[in-house]
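Written out below as structure tokens is the structure these notes cover.
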Amino acid sequence: MSSVEREPETPRDSVFNVISDGLFLNAVIQGRDITVQLPHRISPALAGPPPCSPSFSGREEELHELTRGLAPGREPIPQLISGLPGAGKTEIALQVAIHAQHDRGWFAGGILFADMQGYDESRYVTAEQTLAGFLRALAIPPEYIPHGLEERSRLFRTTLAAYAKHKRRILLIIDNVSSIDQVQPLLPSDTANAVLITSRDSLDINARRHSLEVLPSAASVNLLRSVLKNTNGVDDIRVEEDLDAAKEIARLCGNLPIALQICGALLADFPGRPLTSMKQALSQAHTRLGHLERGTRTVTAAFDVSYRRLTEDQARLFRLIPINPGADISSRAAAQLAAIEESAADRLLEDLARMHLVEPGETWGRWRLHDLIRLYADNLGGEFRVEDQRDLALGRLLDYYVHGAHAASSHLPPSPTPSRYFRRQSDALGWLEAERSNLVLAVGLAIKAGRYEVSCILANELVTFLQQRRYADDFFAVSYTAAEAANRTGNKLLEEEAANNIQKALTQLESLEDAIKGFITAASVFSEADDLRNEAATLNLVGNAMSLTGRFEEAVTFLTASAELYRESKDPNLEGLALASLGEALSSADKPGEAIDVYSDSLQLLQRAGDFHGMGLVLGNLGLTRQRMNQPIEALQAFKSALAIFQENNSRREEGKVLNNLGVTLQSLGASREAIDCHSRAVAVAREVHDDFLEGSALIDLGTYLRSMSQLEEAADAFADAACAFERAGDDRRKGSALHAEGITFTNLARYREAVDAYARAESAFRAIGDGVGEGMSLSNRGATLRSWKRFSESIEVLTIAVDVLSEAGGRELAAPAILQLGGSLAAAGRNEEAVRVFARAAEEFVRVGDRWEEAKALLARGIALQSVGRFHEAATDLSHTIPIFNEEGDSERAAMARLHLDDILKRSSNPR
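Residue numbers (the working numbering): 210 to 1122.
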């Protein structure tokens, strides 16, 4: 070292530089060789990473892949983590770093972390600034740190290499990078040290790219749970108590970590706040982003950072994309929105995708927005409506879809002249399939734009495609929506076409489930059109249809949404009726307390609206709910109030329904004369208004009560009349039930011929609708009746069929009683050895299902059969087994019978002949 007599003493944790054949000029080190003496450790005060979140969830695959990329001995390629705003890029980098450092000890030299603030102009950090901090962290004395970028980068790489040479690898975390210039000078030149980079952009650097998607639903719920427990302690179990609400919150947050973190923090602030409150707050799309804020942390702010970096053309297209109604958009449709060439749209969309503001779709040339980014872009679109000429853009998009649908449908038979817009039928079908969701929703979008005729035209262009491809739910939704548009035009021809299409669609709906799908799609279309009333009405139809299928919990969800939309549209009458449907679903879902509260709200709204008929309906439903709760006095009051309303308003059909329900309540109160009178009056009203279903229902209730009162002749007549009424109504299931009840009544009267005839007719009714259980039960009862009639061979034949039918329809458990009946008929016919085997089979089935009483009945019958064929020891075993069971079940009569047969066997054994 020239011109240096003595080396100065250096601090323990500083770097000692020995420079040979070089100069020291103004804090810039220049020379061929630099020998670096390492400090004991990196200063964490200067370079330590921020702490990890304790609420990290999911990302197992990404963690594994990123950690593997940092392993010693692997090719030193930087790992670039990119993704949409708020996806948790920094967090996963920190998690990986801690895992690699603390759990595996791969970085003995430590971790260097720098937040480059690449997306904040006021806080932007240059590579030169970061190098100065890193060099100080590596214990380079400030006076030895050069000023120039290249010189700092050279010294930094040399220092890193020195660390690596002494087996002290260092991990660099370069966070929040927006450009290559920010990161390139920081990359090591050695083959040992590792780098993690995070960016919102897909940077054009030599790095292994990892693109973060949103979290899976389960991980989102776990993140929400973790935030609550880490903040409030393990006693915060709101997620466990309402998992459905937690899943819905995660869905409304688009499974985006930043949104979930904010929701968790908001909930943690108030431990008494239910998850349903947060779900409700997020449910309205136009206000959702406003609720995802806590202090200075907001989802909108995270999106703003990326949006501010867009060029004017990029920003305009970004704001226009949400006009498209479907989940994704093609480059061609985007070009129509922006009135630019398709190639220009492609370039802009690719730029937006590199910034992770849009995402590539499942096929190339299609693009989609994350749900929250879509809301954000749509809000911006509203602010720039005039500048972007948003109404014209919507018109161009609708025209594009109409033109495309017309051209594509011309390639489908029976069209004679295919359009040249598509070269082949396969191309036309491919376009229709790819755009199906957009086309269906565009029918409603046209209504929103006030272009009612366009809505009808587009619907008509889609008819052939949807019908031929059997997209029944979409076909129904499009036709249903177009009918509303046609009504608004006043054009009779369009109205007739829409009505005709609805009829065609209904013929393709193979089940109520298909209808539900169609209504749900229609509701989406009306939602896209901002048509609150039609959306509410359609959601109400969905809820009621789901109630018919027994899906009461789902029905509650849709009916609640319907009522909320009616409330938003400020229509107390329709809101009250929607609440009435909701109350009925809650009652059916075994939530009577909630149902009563909803009915109370409904009554207040209907009273305010002056809808007395609606009040009567609600009071009738309230009575039924009270009835189910075994509150007959309260049920009686509700039914009487409803009856008074319907009588005053001359609503005869509803009067009949309430009279019948009132009769059932009076039965439970022991008021037999009044009950029979109410049922009889209900029958008379039903016949007056020609309501066959009501007549049949009232007659069934009347017959059942008369039979319980031992008025069997009158009961049989009531059941016979009920069967006729249900036959007129075309309801084979209830007709079969009425005939079955008639058969039981005739059996009780020992009128076996009429009973057998009634059962046979019931079997036919059930068979016609494929109800194997109903058919099998009627066969079983007919066989038992034939045995009572002493027609044993016919009885055995019928019961054998019954066992087969019930086994196929409901399994062996359902067939076991019929097997027991078959054994009884075999024994009655003197075929006791066969009876013994059949009774044993019946007993086994009852043991399998855990029905001890029926098991004892089968063993009693087998014991008696064994006794009759002289197999006394086996008989005694069976009979002894039954007695304690019958005593436990309180069946003293059968216990005595078993004891009597057992005593007889014991006497025989003690007095042999």
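Just so you know, even glycine gets a beta-carbon here, dropped at the ideal spot from N, CA and C. Source: prediction; values computed, not measured.
- Between S291 and S411, the beta carbon gap of about 5 Å places them in contact (Cβ cut-off 8 Å).
- Contact check for G297 against R417 fails: the beta carbons are separated by 8 Å or more.
- Residue nearest to F316 within the set I471, R377 and H949 is R377 (criterion: CA-CA distance).
- Per the C-alpha coordinates, the member of G752, D810, M487 and A658 positioned closest to R776 is D810.
- Per DSSP, reduced to three states, the secondary structure at V443 is coil, with no helix or strand assignment.
- Taking the Cα positions, S1118 is about 26 Å away from E1064.
- Contact check for L275 against I301 passes: the beta carbons are separated by less than 8 Å.
- Cα atoms of K701 and S917: separation of roughly 58 Å, rounded to the nearest angstrom.
- Counted as a single uninterrupted DSSP element, the beta strand (DSSP E) harbouring D537 occupies residues D537 to S539.
- Assigned with DSSP and collapsed to three states, T507 falls in strand.
- Two segments are said to touch when three or more pairs of C-beta atoms, one from each, lie closer than 8 Å; by this definition the segment 1055-1069 touches the segment 1084-1096.
- With the rule of 3 Cβ pairs closer than 8 Å, the segment 541-556 does not count as touching the segment 384-398.
- Taking all protein chains shown into account, H419 has 16 or more neighbouring C-beta atoms within 10 Å of its C-beta and is therefore buried.
- For the options R660, H495, L638 and S646, the alpha carbon positioned closest to that of Y585 is the one of H495.
- Counting only the Cα atoms, L321 lies some 16 Å from L289.
- Counting only residues of its own chain and dropping the five nearest sequence neighbours on each side, A1018 has a CB closer than 7 Å to the CB of G981, V982 and G985.
- Taking the CA atoms as reference points, G1059 sits about 50 Å from L475.
- With contact defined as three or more Cβ pairs closer than 8 Å, the segment 665-685 and the segment 732-740 are not in contact.
- Residues of the same chain with their beta carbon placed closer than 6 Å to that of D413 are lacking, with the five preceding and five following residues left out of the count.
- A658 and L648 have their C-alpha atoms spaced approximately 15 Å apart.
- Q634 places its beta carbon 8 Å or farther from that of H612.
- Fully contained in the segment 570-638 are the following alpha helix (DSSP H) runs of length 4 or more, in chain order: 580-592, 594-597 and 599-618.
- Excluding the 5 residues flanking it on each side, T1009 has same chain C-beta neighbours closer than 7 Å at L1031, in chain order.
- Secondary structure of V404 (DSSP, three-state): strand.
- The segment 789-799 makes contact with the segment 753-769, as at least three CB pairs between them are under 8 Å.
- Going by C-alpha positions, P294 is about 27 Å away from P285.
- With respect to the C-alpha of L498, the residue from L469, P480, G481 and Q523 having the closest C-alpha is L469.
- For G292, the enclosing beta strand (DSSP E) begins and ends at Q288 to G292.
- For the 8 Å CB-CB criterion, L344 and L364 form a contact.
- Nearest in C-alpha terms to A348, of all of T368, A851 and W640, is T368.
- Within the same chain, A651, L654, A655, A658, R660, V663 and L667 come within 8 Å of L607 by CB-CB distance, once the 5 residues on both sides are set aside.
- In the DSSP assignment, A932 falls within the unbroken alpha helix (DSSP H) covering L921 to A938.
- Put simply, the backbone Cα of A309 is about 26 Å away from that of L433.
- Boundaries cannot be given for G1059, as no alpha helix (DSSP H) includes it and DSSP labels it neither H nor E.
- Rounded to whole angstroms, the separation of the alpha carbons of V514 and G752 is 42 Å.
- Going by DSSP, G727 is part of no beta strand (DSSP E) but of the alpha helix (DSSP H) stretching over L721 to E737.
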